[in-house]
Every structure is written in structure tokens, then in C-alpha cells.
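Engineer: Got a structure here, written out as C-alpha cells. Questions coming.
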Amino acid sequence: CDPMEARDIMWSRTRQGQMAKQPCPMGSIGVATFRCLAPDGIWEPQGPDLSNCSSPWINHITQKMKSGEMAANIARELAEHTKNHLYAGDITYSVSAMVQLVNLLDVQLRNLTPGGKDSAARSLNKLQKRERSCRAYVQAMVETVNNLLQPQALNAWRDLNASEQQRAATKLLDTVEDSAFVLADNLLKTDIVRENTDNIQLEVARLSTDGNLEDLKFPQNMGHGSSIQLSANTLKQNGRNGEIRVAFVLYNNLGIYLSTENASMKLGTEAMSTNHSVIVNSPVITAAINKEFSNKVYLADPVVFTVKHIKSEENFNPNCSFWSYTKRTMTGYWSTQGCRLLTTNKTHTTCSCNHLTNFAVLMAHVEVKVGVAD
1 CDPMEARDIM WSRTRQGQMA KQPCPMGSIG VATFRCLAPD GIWEPQGPDL
51 SNCSSPWINH ITQKMKSGEM AANIARELAE HTKNHLYAGD ITYSVSAMVQ
101 LVNLLDVQLR NLTPGGKDSA ARSLNKLQKR ERSCRAYVQA MVETVNNLLQ
151 PQALNAWRDL NASEQQRAAT KLLDTVEDSA FVLADNLLKT DIVRENTDNI
201 QLEVARLSTD GNLEDLKFPQ NMGHGSSIQL SANTLKQNGR NGEIRVAFVL
251 YNNLGIYLST ENASMKLGTE AMSTNHSVIV NSPVITAAIN KEFSNKVYLA
301 DPVVFTVKHI KSEENFNPNC SFWSYTKRTM TGYWSTQGCR LLTTNKTHTT
351 CSCNHLTNFA VLMAHVEVKV GVAD
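Note that full-length UniProt numbering numbers the sequence shown so that position 139 is 139, with each residue one more than the last.
Written out as C-alpha cells, the structure is:
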């Protein structure tokens, strides 16, 4: 392959079948690679692989995690760093860091467990400190996720291949839910914590299931057209000792990173022909109930959610779906199992599902070819 410049890197002459290696672009660290294809001697048409390029600050965060600093403080730094220009490696690094940080938080909280020798005042002080730590952590985590889902981060995500994108996005869903329950378990009294940003809205609640319960709807401000509802019945059925802990999350700009390959689509009247692509055409909306003993939550009534379509033109065949993933591998696929369509129009779709998880609406989308006349 002849020398060429691609992605601000000069690539020198490379033999067929060989992988060229160069330092990552200015301002980032790591090694970029570019394959020269055999037998034609042409550069890989997809361009160089920059998935290992990251910002210098990642080393600093790694050091901090080893140093035993408080998880909430490190999370705050991560939130500050991710406001800046992001590289592909920053995305995968940040998501993995959040997974490690919530584990670190867990360990640090154990050191704040009131002991038998503690006075009542000291015990309360420890519990208050636990709650403060968790609130600070979740706030910083939400800011970090918001930064990773900004439109300007799209190019960094695009430098990851589809399976890397999928794993990072799945890990993100998973760790946000874990963090939400660490907070829920450390709220001292019945309370609702809300964190709202452009790309992620989170609500964590510790509620009493005694007395008159109302259906629980998220988010409170129904302005942007996506919402999810749990019935009072369901809350009562899943209460423990007269209480329940619930987490809701609404994500913008996340569905694009969760591949629609292998999606189980229920076919509409129009059979799927080749010129349709399947797209995640809504925000991803999550509802989860306290995970203390088992993953299976019993739903007395189905969960009902409404989502606003991202594209409102040239779509058909809405599929009420959830992201079915394996925690061990952090890989998954969109499934329609247990979900059914209630209503749909050009801009919104309403679904019901008989289990809880991360939901979205998948649609067949027809790419309109502009200005091509036969």
C-alpha cells in the first residue's frame, strides 16, 4: 500500500496483509493501526483503527483508583474530564472505570457500617456519611454518562466497531442500574432522588408500600413525550418490610450504539424486504425494582411505557422491545418477548411488557433516496 494520510496520521508504505502501526493523533495516547489488504495492496476501506487512542487523563484516573481515594471524588474528576474532547478509548475506559468505581464505592461503604461498639450518634453519623457518598457518586456518574452521550461524542463512538460499541453501551446500562440501587439501599428514609441532564434522567426512590399507594410514573415532567408507569399493585407485590426501592432511567442517544443485528422483529403486514433498515427509533427507558434477592420481579400488572420517535418519517412496523443481555459478557440483542404494542402514531408508540428492564421501540426505516429518478 502506498503511503497516505488518514485521520491526521501519516501512514508509511506497507506490504499486503500487514498491519501498519502509528502513534495516535496529537493530543491522544496509544497506538493506531491500519491494515493493508492482500492481495490487492489497498488500505482497509473502513479506515484506520483508532479504538485504542485515548486522552492522557486516563492514566491519572487509574492511579487515583489504585490510591484508595473516595469513589465519589474520583467519579467527580471523571465527570470533569469527559466534558472535553473525547477519543474512542476514552469511551471504553470511562465505562469500565464506572464499573470499577461502583465496586470501589461498595467496599468503601462497608467501612462505614455501624459497629456494635458505636454510640447511637456515631452510628447515625456513619449512615449519613454513606448516604452523602452515594448521592455524590450518582450525581457525578450521571454527569459522566451525559457527557458520553453528547452529540459531540458521536465521532469517538464511531471509532469503535459495532461490537465494542454494543459492549460499552450495555456496560453503561448495567452500571447505571447498579449505582442507582447502591444509592437506593443507602437512603436513610423514604425519599426520591432525581438527577436530570440532557441525555440521561435518573430517578431513585425509596417508598413505603403501606397505606394508599398510587401508580408510579416517570419522569415527573411529561414535557418530552417519553414516560413509563408501574402500577400500585406491582409496587405492593414487590414490597419488602413495607418498603420498595425503584430506579428509573431515560437515555437519549444510547440506542444507536445497541446493535439491531439479531433483533427479533415481529413482522408487520409489510414483510421486511431488503431496502429497510431496522433502527432503534426511541430513547431507551429503564425501570427496575430492588434487586436484593433475585433478578425476577413479579409484575402484577404489565409495565406501560410511551416513547417518542426519533425519526417520524418513513417508518413502519414498530416493535416494542427490550435489550436482553448477559452480565458475564455484556453482549445482548433486542427482543420482543413479553412485550406488546398498545398504540402507535407518527410520533409516539405505547407498549406494555410483562417484565422490567431497558426498553425501546425498534422500527423498520426506509431510507429515502433523494433525487434519483428512474
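Glycine included, every Cβ here is placed at the ideal spot set by N, Cα and C.
Okay, do the region 202 to 216 and the region 225 to 244 touch, 3+ Cβ pairs below 8 Å being the bar?
Structural biologist: These segments touch.
Engineer: For Ala169 and Tyr257, what's the separation of their Cα atoms in angstroms?
Structural biologist: When rounded, the distance between both Cα atoms is 6 Å.
Engineer: Let me know the beta strand (DSSP E) ranges lying completely inside the region 156 to 227, each 3 residues or longer, listed in chain order.
Structural biologist: Counting only runs of 3 or more, we get 191 to 196, 200 to 208, 216 to 218.
Engineer: Name, in chain order, the residues that DSSP records as bridge partners for Leu37.
Structural biologist: According to DSSP, Leu37 bridges with Ile42.
Engineer: Check each candidate in Gly17, Lys117, Leu183, Ser324 and name the one with the smallest Cα separation from Arg132.
Structural biologist: Of Gly17, Lys117, Leu183, Ser324, the residue nearest in Cα terms is Leu183.
Engineer: Leaving out the 5 sequence neighbours to the left and right, which residues in its chain are closer than 6 Å to Ser123 when beta-carbon positions are compared?
Structural biologist: Counting only Cβ-Cβ distances below 6 Å, and skipping sequence neighbours, we find Pro114.
Engineer: Are residue 421 and Ala263 close, meaning C-beta to C-beta below 8 Å?
Structural biologist: In the structure as shown, the chain begins at 1 and stops at 374. Residue 421 is therefore absent and cannot be evaluated.
Engineer: How many Å lie between Asn155 and Gly27 at the Cα?
Structural biologist: Looking at the two C-alpha atoms, the distance is approximately 16 Å.
Engineer: Since Leu104 is in the alpha helix (DSSP H), which residue starts that stretch and which ends it?
Structural biologist: Leu104 -> alpha helix (DSSP H) spans 88 to 110.
Engineer: According to DSSP, is Asn345 part of a helix, a strand, or is it coil?
Structural biologist: Note: Asn345 maps to coil in three-state DSSP.
Engineer: CA-CA distance, Gln16 and Cys24?
Structural biologist: About 22 Å.
Engineer: Where do the N-terminal and C-terminal ends of the alpha helix (DSSP H) with Lys64 fall, by residue?
Structural biologist: Counting along the chain, the alpha helix (DSSP H) containing Lys64 begins and ends at 57 to 67.
Engineer: Do you know how far the Cα of Val304 is from the Cα of Thr274?
Structural biologist: Only weak support exists for where Thr274 lies, its pLDDT of 49 falling under 50; the coordinates are left without a value.
Engineer: Rounded to a whole number of angstroms, what is the C-alpha to C-alpha distance between Arg35 and Gln63?
Structural biologist: Near 33 Å, if we compare the C-alpha coordinates of Gln63 and Arg35.
Engineer: Looking at Met70 and Gln100, is the spacing between their C-beta atoms short of 8 Å?
Structural biologist: No, they are not a contact pair.
Engineer: When the Cα of Phe359 is compared with those of Val297, Lys311, Lys346, Val249, which residue comes out closest?
Structural biologist: Taking only the C-alpha atoms, the option nearest Phe359 is Val249.
Engineer: Rounded to the nearest angstrom, what separates Cys1 and Glu77 at their Cα positions?
Structural biologist: Roughly 43 Å between the two C-alpha positions.
Engineer: Looking at the strands, I want to know which residues DSSP matches up with Arg340.
Structural biologist: Ser352.
Engineer: Can you tell which of Arg110, Ser282, Thr357 has its C-alpha closest to the C-alpha of Lys346?
Structural biologist: Ranking the options by Cα distance to Lys346, first place goes to Ser282.
Engineer: Verify the contact flag: Ser259, CB atom, against every heavy atom of the ligand MG, threshold strictly below 7 Å.
Structural biologist: For the structure depicted, the ligand MG is absent and the ligand set is empty, with no information on it obtainable.
Engineer: DSSP state of Met141, grouped into three classes?
Structural biologist: Three-state result, Met141: helix.
Engineer: For Pro25, name the three-state secondary structure that DSSP assigns.
Structural biologist: Coil at Pro25, not helix or strand.
Engineer: Count the other C-beta atoms from every protein chain shown that fall within 10 angstroms of the C-beta of Asp40, then say buried if there are 16 or more, exposed otherwise.
Structural biologist: Classification for Asp40: exposed.
Engineer: Tell me whether Arg76 sits in a helix, a strand or coil according to DSSP, three-state version.
Structural biologist: Looking at Arg76 - three-state DSSP - the assignment turns out to be helix.
Engineer: With DSSP as the reference, please indicate the residues paired to Glu243 in a beta bridge.
Structural biologist: Answer is Ser208, Arg240.
Engineer: Taking all protein chains shown into account, do 16 or more other C-beta atoms lie within 10 angstroms of the C-beta of Ala288, making it buried, or fewer, making it exposed?
Structural biologist: It counts as buried.
Engineer: Give every residue of the same chain whose Cβ lies closer than 6 Å to the Cβ of Ala271, excluding the five residues on either side of it in the sequence, and list them in chain order.
Structural biologist: Below a pLDDT of 50, predicted positions are generally treated as unreliable, and Ala271, at 47, falls in that range; the measurement from the model is reported next regardless. Closer than 6 Å at the Cβ level, and outside the excluded window around Ala271, lies no residue.
Engineer: Of the residues Leu362, Trp57, Val297, which one's Cα is nearest the Cα of Phe344?
Structural biologist: In the sequence as displayed, the identity of residue 344 is Thr instead of Phe. Out of Leu362, Trp57, Val297, Leu362 has the C-alpha closest to the C-alpha of Thr344.
Engineer: For Asn199, which residues in the same chain have their Cβ closer than 6 Å to its Cβ, ignoring the five residues on either side in sequence?
Structural biologist: So the list reads Asn146, Leu149, Asn252, Asn253, once near-sequence residues are dropped.
Engineer: Whole angstroms are fine: how far does the CA of Ala300 sit from the CA of Lys266?
Structural biologist: So the two alpha carbons sit approximately 25 Å from each other.
Engineer: From this set, Thr286, Glu261, Ser277, which residue's C-alpha is nearest Val307's C-alpha?
Structural biologist: Considering only alpha carbons, the answer is Thr286.
Engineer: Count the other CB atoms within 10 Å of the CB of His365; is the residue buried (16 or more) or exposed (fewer)?
Structural biologist: It is buried - the Cβ of His365 has at least 16 other Cβ atoms within 10 Å.
Engineer: So what does DSSP say about Gln16, is it helix, strand or coil?
Structural biologist: Residue state, collapsed to three classes: coil.
Engineer: Suppose contacts are defined by Cβ-Cβ distances below 8 Å. Is Thr82 in contact with Thr144 by that definition?
Structural biologist: Their beta carbons are under 8 Å apart, which means Thr82 touches Thr144 by this criterion.
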